[in-house]
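Protein chains in written order, with the working numbering: chain A, 1 to 115; chain B, 1001 to 1112. A virtual CB, placed ideally from N, CA and C, is assigned to each residue, including glycine. All of these numbers come straight from a predicted model, not from anything done at the bench. A short worksheet on the structure shown next.
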């Protein structure tokens, strides 16, 4: 069964460092998403990506964040200068169509800990 | 602003009981998703609904678009059903690639 894979599963980084979270979406999917979940809180939308550009982003997705699809298979989330409050589980998701009328497939998540 | 409310927040039941989890949302949507999150954190999609009812094994999901309400039912519950169940919606904002808006989840524990 096709699946979304994320690496690493857990990353510890020092405050102020740059981190790159990696995702391999399902191969024939066209819409890609990053979500985050701070411990004990609900999952929040960060950004959606389609046709090699950002389609939509939330207030959380400020200038410290960027996304890229560097090689047609990977989909990355970069945080330029991490803050303690960036500690969260980050989920990548992909779907074959936009608009929500299709199943979203989620990765297992990357737990980011900023110390 | 789109709000997604789930009830109950926590539910403990005995094995075999019929479980109902409710979800209400405040804006027009193109679809509603029910997701399952296990203690390890991974999220699995259970259902995507835009109308009516869907059934998969012991799980049933219904949606009433006019009332902006959905329910997830589990029949003959089992301890392996213990997880957080999350309702999430795609708003009808016309963007086509908007992200999901999530509820806080319902933490379900099924005791043997």
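Interface residues of chain A facing residue i [CB-CB closer than 7 Å]
{"i": "residue 1028/B", "result": "Under the 7 Å cutoff, chain A gives no residues; its nearest Cβ is about 11 Å from residue 1028/B."}
Neighbour flag for residue i against chain B, beta carbons, 8 Å
{"i": "residue 18/A", "result": "no"}
{"i": "residue 94/A", "result": "no"}
{"i": "residue 109/A", "result": "yes"}
{"i": "residue 56/A", "result": "yes"}
{"i": "residue 45/A", "result": "yes"}
Contact with chain A by residue i, beta-carbon distance below 8 Å
{"i": "residue 1101/B", "result": "yes"}
{"i": "residue 1042/B", "result": "yes"}
{"i": "residue 1051/B", "result": "no"}
{"i": "residue 1086/B", "result": "yes"}
CB-CB length for residue i against residue j, believed under 8 Å
{"i": "residue 1032/B", "j": "residue 1044/B", "result": "Actually they are not in contact, since the Cβ atoms of residue 1032/B and residue 1044/B sit about 16 Å apart, beyond 8 Å."}
{"i": "residue 9/A", "j": "residue 31/A", "result": "Rounded, the Cβ-Cβ distance is 24 Å, inconsistent with contact."}
{"i": "residue 1074/B", "j": "residue 1105/B", "result": "Residue 1074/B to residue 1105/B, Cβ: 15 Å. No contact."}
Contacts that residue i makes with chain A (C-beta to C-beta distance below 8 Å)
{"i": "residue 1104/B", "result": "41, 42"}
{"i": "residue 1045/B", "result": "103, 104, 105, 106"}
Interface residues of chain B facing residue i [CB-CB closer than 9 Å]
{"i": "residue 102/A", "result": "1031, 1048"}
Under 7 Å from the C-beta of residue i: neighbouring residues of chain B
{"i": "residue 69/A", "result": "Here the premise fails: no neighbours, minimum Cβ distance about 14 Å."}
Legend entry - Interface residues of the region 1003-1026 of chain B facing chain A [CB-CB below 7 Å]: Residues: none.
Legend entry - Residue ranges of each beta strand (DSSP E) within the region 13-88 of chain A, 3 or longer: Counting only runs of 3 or more, we get 19-24, 31-37, 44-50, 53-57, 65-68, 75-79.
Legend entry - chain B contacts from the region 81-93 of chain A (Cβ-Cβ distance under 9 Å): Cβ proximity to chain B below 9 Å picks out 89, 91, 93 from the region 81-93 of chain A.
Legend entry - Entirely enclosed beta strand (DSSP E) segments - the region 1001-1081 of chain B, minimum 3 residues: Listed in chain order, the complete beta strand (DSSP E) runs (minimum 3 residues) inside the region 1001-1081 of chain B are 1004-1007, 1010-1014, 1019-1025, 1029-1037, 1043-1049, 1052-1056, 1059-1064, 1069-1074.
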